[in-house]
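Here's the structure, in structure tokens; my notes come after.
Protein chains: 2
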Amino acid sequence: MVTIDKTDRPGEIRTPVDPADQAGDAKLIFIGRARTPWNIREACPKNLREAREPGGFARIEVDPEWRPGLRDLEPGEAIIVLTWMNQARRDLLVQAPRHRESLAGVFSIRSPVRPNPIGLCVVRLLACDAEAGLLEVDALDCLDGTPILDIKPWRAGVDVPPDPTPR
Amino acid sequence: MVTIDKTDRPGEIRTPVDPADQAGDAKLIFIGRARTPWNIREACPKNLREAREPGGFARIEVDPEWRPGLRDLEPGEAIIVLTWMNQARRDLLVQAPRHRESLAGVFSIRSPVRPNPIGLCVVRLLACDAEAGLLEVDALDCLDGTPILDIKPWRAGVDVPPDPTPR
Chain X
1 MVTIDKTDRP GEIRTPVDPA DQAGDAKLIF IGRARTPWNI REACPKNLRE
51 AREPGGFARI EVDPEWRPGL RDLEPGEAII VLTWMNQARR DLLVQAPRHR
101 ESLAGVFSIR SPVRPNPIGL CVVRLLACDA EAGLLEVDAL DCLDGTPILD
151 IKPWRAGVDV PPDPTPR
Chain W
1001 MVTIDKTDRP GEIRTPVDPA DQAGDAKLIF IGRARTPWNI REACPKNLRE
1051 AREPGGFARI EVDPEWRPGL RDLEPGEAII VLTWMNQARR DLLVQAPRHR
1101 ESLAGVFSIR SPVRPNPIGL CVVRLLACDA EAGLLEVDAL DCLDGTPILD
1151 IKPWRAGVDV PPDPTPR
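Each protein sequence line maps, in turn, to chains X and W. Just so we're aligned, residue 1 is where the first sequence starts under our numbering, counting upward by one. Just so we're aligned, residue 1001 is where the second sequence starts under our numbering, counting upward by one.
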């Protein structure tokens, strides 16, 4: 069980009820876990750009029952990895993030602290051994052992927003 | 309760246990729902590009308890909307999607059918009434009423993959 620090900073606004204590509306299953060089939150890069700089390893281990689903993933392609940031609290609607001066609504920032702490990493697949359930990617900005929820191909045609529409 | 068709196509491979029947490793809460013109799966566009063509409305209704988190979202910016595709089955590892000739591993395609049916829409925010919990976006490719899990700002610096690394 992870112990989560719940000291609030000035101006922060909590949810009326902590989502972590609610019965929940749907259930996730973990399909594997991330392997990264970062074992404590303080050492974890704050985004993928920073994670790429030191050039540490980044791997995904997929559990045996899901490995047939790795078929057709090709090294070189870009993928989206969804993670479950299980060391993040879930009860802050307005936050004062470490790397920012002002308060911000949770849905306007990429903080791991959110009602559903789903992390999103757009990365390059470097190697894939489907049988062993091992994927090597160019970077991951999450803690070692972070549960993996999904892997999807990234598509420039839908995953880049269209130009702003004149209003 | 949604009734899900579970007829398999030739060559498809199921998970040993249906994830929908498992106790689950983590619990999601729904923060709101999508409002789209599509009420049945057959009418639903297969991706965001197709959803933009007819130009129908696309809105997100955020429930009252989460609305303080909408602060600082600005019309014109690009956002990532995560949805819970609750009408999709979860037990197919290798699939023969409707729009494709051959079989494919679930993690190599964007099918809504996946162990954790989390949908991802990169869209442009057109209007935001934080107090009323109403967001208007340029498109959503999900069914009307689809639960919303998260809203994040899209960032070109981290959400576009780096160029392929020479190997």
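Even glycine gets a Cβ: it sits at the ideal position worked out from N, Cα and C. Here the structure is a predicted model, which is why all the values come from computation and not from measurement.
Could you tell me the distance, in whole angstroms, from the CA atom of residue i to the CA atom of residue j?
| i | j | result |
| --- | --- | --- |
| isoleucine 1148(W) | aspartate 1063(W) | 10 angstroms |
| arginine 155(X) | alanine 78(X) | 8 angstroms |
| leucine 1135(W) | phenylalanine 107(X) | 12 angstroms |
| arginine 1167(W) | proline 153(X) | In this predicted model, arginine 1167(W) has a pLDDT of only 43, less than 50, meaning its place in the structure is not dependable; the value taken from the coordinates is given anyway. Arginine 1167(W) and proline 153(X): Cα-Cα distance of roughly 20 angstroms. |
| arginine 1142(W) | arginine 1110(W) | The question names arginine, but residue 1142(W) in the sequence shown is cysteine. Taking the straight line joining both Cα atoms gives about 13 angstroms. |
| alanine 132(X) | glycine 1157(W) | 32 angstroms |
| alanine 1096(W) | aspartate 5(X) | 46 angstroms |
| aspartate 129(X) | isoleucine 1029(W) | 34 angstroms |
| glycine 11(X) | proline 1068(W) | 12 angstroms |
| arginine 35(X) | arginine 41(X) | 14 angstroms |
| valine 17(X) | aspartate 91(X) | 7 angstroms |
| isoleucine 1118(W) | methionine 85(X) | 15 angstroms |
| arginine 1033(W) | glycine 1145(W) | 5 angstroms |
| glutamine 22(X) | aspartate 1025(W) | 14 angstroms |
| aspartate 138(X) | tryptophan 38(X) | 15 angstroms |
| isoleucine 151(X) | alanine 1127(W) | 31 angstroms |
| isoleucine 60(X) | leucine 73(X) | 13 angstroms |
| threonine 15(X) | aspartate 1008(W) | 42 angstroms |
| tryptophan 66(X) | isoleucine 31(X) | 7 angstroms |
| proline 19(X) | leucine 1070(W) | 17 angstroms |
| cysteine 1044(W) | lysine 46(X) | 37 angstroms |
| valine 1160(W) | aspartate 163(X) | 15 angstroms |
| asparagine 1116(W) | arginine 98(X) | 31 angstroms |
| lysine 27(X) | lysine 1027(W) | 5 angstroms |
Can you pull the chain X residues whose beta carbon is under 8 angstroms from the beta carbon of residue i, in chain order?
| i | result |
| --- | --- |
| alanine 1078(W) | Pro161 |
| tryptophan 1038(W) | Residues of chain X passing the Cβ test: none, with the nearest at roughly 17 angstroms. |
| aspartate 1150(W) | Phe107, Arg114, Pro115, Asn116, Ile118 |
If the cut is a Cβ gap below 9 angstroms, which residues of chain X does residue i touch?
| i | result |
| --- | --- |
| proline 1157(W) | As written in the sequence, residue 1157(W) is glycine, which differs from the proline given in the question. Neighbours of glycine 1157(W) on chain X, chain order: Asn47, Leu48, Arg49. |
| threonine 1015(W) | Glu65, Trp66, Pro68, Gly69 |
Check the Cβ of residue i against every Cβ in chain X and list those closer than 7 angstroms, keeping chain order.
| i | result |
| --- | --- |
| leucine 1241(W) | Residue 1241(W) falls outside the range modelled here, since chain W spans only 1001 to 1167, and no answer is possible. |
| phenylalanine 1030(W) | Asp25 |
| glycine 1056(W) | Those do not exist, as glycine 1056(W) stays about 15 angstroms from chain X at its closest Cβ, beyond 7 angstroms. |
| proline 1010(W) | What proline 1010(W) touches in chain X: nothing, since even the nearest Cβ is about 16 angstroms away. |
| isoleucine 1060(W) | Per Cβ cutoff of 7 angstroms: no residues; isoleucine 1060(W) is ~10 angstroms from chain X at best. |
For residue i, which residues does DSSP report across the bridge?
| i | result |
| --- | --- |
| isoleucine 29(X) | None; isoleucine 29(X) has no bridge partner. |
| glutamate 61(X) | Arg33(X), Leu134(X) |
| arginine 22(X) | A small correction: the amino acid at residue 22(X) is glutamine; arginine does not occupy that position in the sequence shown. Partner(s): none; glutamine 22(X) has no beta bridge. |
| isoleucine 80(X) | Val122(X), Lys152(X) |
| glutamine 95(X) | Ala104(X) |
| isoleucine 13(X) | Val94(X) |
| glycine 1147(W) | Position check: residue 1147(W) holds proline in this sequence, whereas glycine was assumed. For proline 1147(W), which the question treats as bridged, DSSP gives the partners Arg1033(W). |
| aspartate 1129(W) | Leu1134(W) |
Check the Cβ of residue i against every Cβ in chain W and list those closer than 7 angstroms, keeping chain order.
| i | result |
| --- | --- |
| tryptophan 154(X) | Pro1161 |
| leucine 140(X) | Within 7 angstroms Cβ-Cβ: nothing; leucine 140(X) doesn't reach chain W, min ~12 angstroms. |
| aspartate 72(X) | Ala1104, Gly1105, Ser1108 |
| arginine 143(X) | Checking the sequence, you will find leucine at residue 143(X) rather than arginine. None at all; the shortest Cβ gap to chain W is about 15 angstroms. |
| proline 19(X) | Ile1029 |
Write down the C-beta distance between residue i and residue j rounded to the nearest angstrom, noting that I regard them as a contact closer than 8 angstroms.
| i | j | result |
| --- | --- | --- |
| alanine 1058(W) | leucine 1140(W) | 4 angstroms |
| valine 1094(W) | isoleucine 1013(W) | 4 angstroms |
Could you work out which residues of chain W lie near residue i, taking near to mean beta carbons separated by less than 9 angstroms?
| i | result |
| --- | --- |
| glutamine 22(X) | Lys1027, Ile1029 |
Name the chain W residues whose beta carbon is nearer than 8 angstroms to that of residue i?
| i | result |
| --- | --- |
| proline 147(X) | Asp1025, Ala1026 |
ask   = Should the segment 106–124 of chain X be regarded as contacting the segment 78–96 of chain X, the criterion being three or more beta carbon pairs within less than 8 angstroms?
value = yes
query = Does the count of Cβ pairs from the segment 1048–1056 of chain W and the segment 48–55 of chain X closer than 8 angstroms reach three?
reply = no
ask   = Three or more C-beta pairs closer than 8 angstroms, one from the segment 67–78 of chain X and one from the segment 90–104 of chain X: is that the case here?
value = no
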